[in-house]
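Here's the structure, in structure tokens; my notes come after.
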Amino acid sequence: MDFKRTLLAAALPLMFTFAGAAQALEIKFADIHPAGYPTVVAEESMGKTLTKETNGELTFKYFPGGVLGSEKEVIEQAQVGAIQMTRVSLGIVGPVVPDVNVFNMPFIFRDQAHMRAVIDGEVGDAILDKITNSEFGLVALAWMDGGTRNIYTKKPVRKLEDLKGMKIRVQGNPMFIETINAMGGNGIAMDTGEIFSALQTGVIDGAENNPPTLLEHNHFQNAKFYSLTGHLILPEPIVMSKITWEKLTPDQQTLVKKAAKDAQLEERKLWDAKSASSEEKLKAAGVEFITVDKKPFYEATASVREKYGAPYADLIKRIEAVQ
């Protein structure tokens with residue numbers, strides 16, 4: 006009996022060692038944005054926190070700047086567990102998880118403060134759950150602020166009529182294409198990495214995004230006019246591969262969720278600072294910021310909201326009610 010007890014006592018540390026090792030995971034975290042971008046900085050901070058809180062069971066390697074592929078390609082890799090985490094634009098998610106399209110509708114948010122109040126509350130959590138419980142193969146954890154999207158072009162757009170016939174790059178979501186088309190332009194779906202050369206060669210006349218993206222991806226070199234349409238204010242979810250999520254212990258899952266929510270708030274502060282400094286740098290580089298009358302743009306896109314908003318009437322009311 007004593008001999009058996011001795012064997013058991015000797016085996017216990019090994020059992021715990023193997024149990025701990027089974028939960029040790031290296032998390033590949035991909036982002037299309039470059040190093041130093043607010044989302045990437047917040048992601049790195051989140052990883053450091055999780056490595057510390059899990060005593061090294063979760064470690065992180067970061068792949069910013071789209072080095073692992075376009076957002077679509079990264080999602081496909083995350084769905085099979087080849088990449089463990091990423092931040093993804095809702096425009097990519099919408100065709101697969103239709104409920105998120107309520108956030109993709111033009112002018113659904115009154116302003117940035119309204120969008121943040123929505124994603125911080127019950128509606129934001131409900132949309133995260135919709136993504137997680139879909140067939141998308143990803144667990145949605147928190148929201149990043151993707152900024153307010155405006156139109157930037159080679160020729161100035163000072164009023165709605167100026168946009169007529171212009172080829173404008175959008176993310177690959179039918180709603181975004183229809184939004185530009187409703188404004189009189191010609192929406193062209195294209196990956197982020199293709200925009201610079203497309204602007205340079207005249208394949209497109211412009212694109213639409215926030216000031217940090219216009220600056221960091223050097224699109225301002227070929228598009229010097231930035232029209233403040235504010236047609237989209239898009240939050241962007243942090244997601245984890247469901248395959249990876251199911252390998253985590255319940256305690257690890259809890260820590261990951263908390264760290265992601267903390268990153269949501271950290272990225273917001275980083276975003277505000279980055280957006281302000283980007284605007285200054287763009288103006289210094291000769292980019293003209295054009296204040297437009299938003300009402301004609303809003304009215305022109307009414308058909309898009311009517312077409313896509315019908316199934317989400319109750320959700321839209323909840324969004325509108327958020328103060």
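Note that our numbering has the sequence shown beginning at 6, numbered continuously upward.
C-beta: ideal position from N, C-alpha, C; glycine also.
- In the DSSP assignment, Arg174 is bridged to Ile193 and Ala212.
- Straight-line spacing of the CA atoms in Thr158 and Gly198 works out to 17 Å.
- Taking 8 Å as the cut-off, the Cβ atoms of Leu143 and Val244 count as close.
- Beta-bridge analysis with DSSP links Ser50 to no other residue.
- C-alpha of Ala315 to C-alpha of Lys299: approximately 23 Å in a straight line.
- Runs of the alpha helix (DSSP H) lying entirely within the stretch 115-165, each at least 4 residues long, are 117-124 and 127-137 in chain order.
- Where Pro242 is concerned, the enclosing beta strand (DSSP E) starts and stops at Phe230 to Ser246.
- For Asp150, the number of other beta carbons within 10 angstroms of its own is at least 16, and it is reported as buried.
- Here Lys274 is exposed, its C-beta having fewer than 16 other C-beta atoms within 10 Å.
- Taking each of Phe302, Ser282, Ile37 and Asn60 in turn and checking the Cα distance to Leu260, the smallest one comes out for Asn60.
- Between Ala35 and Ile113, the C-beta spacing is not below 8 Å.
- Nearest Cα to Thr91 within the set Thr249, Tyr303, Ser283 and Ala122: Thr249.
- Take Lys266, set aside five residues on each side of it, and the residues of its chain with a beta-carbon closer than 7 Å to its own are Ala147, in chain order.
- Scanning the stretch 242-302 for uninterrupted beta strand (DSSP E) segments of 3 residues or longer gives 293-295, listed from N- to C-terminal end.
- Between Val105 and Val327, the gap from beta carbon to beta carbon reaches 8 Å or more.
- When beta bridges are read from the DSSP output, Tyr67 appears opposite Phe34.
- Short of 8 Å from the beta carbon of Ile200, and not among the five residues preceding or following it, lie these beta carbons of its own chain, in chain order: Arg174, Ile209, Ala212, His222 and His224.
- Sorting Val79, Met110 and Glu183 by C-alpha distance to the C-alpha of Leu320 places Met110 at the top.
- Within the same chain, Asp104, Val105 and Phe108 come within 7 Å of Ile132 by CB-CB distance, once the 5 residues on both sides are set aside.
- Residue Asn138 holds the alpha-carbon nearest to the alpha-carbon of Val101 among Lys229, Leu270, Ala122 and Asn138.
- Residue environment: Pro216 is assigned as buried (16 or more neighbouring CB atoms within 10 Å of its CB, all protein chains considered).
- Rounded to the nearest whole angstrom, the CA to CA distance from Gly192 to Asp130 is 31 Å.
- The Cβ-Cβ distance between Phe230 and Ile324 does not fall below 8 Å.
- Listed as beta-bridge partners of Met90 by DSSP are Phe34 and Met245.
- In the displayed model, Gln328 falls within coil according to three-state DSSP, outside both helix and strand.
- Here DSSP, grouped into helix, strand and coil, assigns Gly96 to helix.
- Lys33 is positioned such that its CB atom lies no closer than 8 Å to that of Lys77.
- In the three-state reduction of the DSSP assignment, Ala40 falls in the coil class.
- Apart from sequence neighbours up to five positions away, the residues of its chain that approach Gln205 with a beta-carbon distance below 7 Å are Asn227, ordered along the chain.
- In this chain, the alpha helix (DSSP H) harbouring Asn106 covers Asn106 to Asn109.
- Put simply, of Lys322, Thr218, Phe302 and Ile238 the residue whose alpha carbon is nearest the alpha carbon of Arg115 is Ile238.
- Setting aside the 5 residues that flank it on each side, Leu220 is surrounded in the same chain by Ser283, Lys286 and Leu287, each with a C-beta closer than 7 Å to its C-beta; the list follows chain order.
- Scanning its chain for C-beta atoms nearer than 8 Å, with the 5 sequence neighbours on each side dropped, one finds around Thr306 the residues Pro111, Phe112, Thr184, Ala187, Met188 and His236, in chain order.
- Comparing alpha-carbon positions, the option among Glu241, Lys57 and Lys164 lying closest to His38 turns out to be Glu241.
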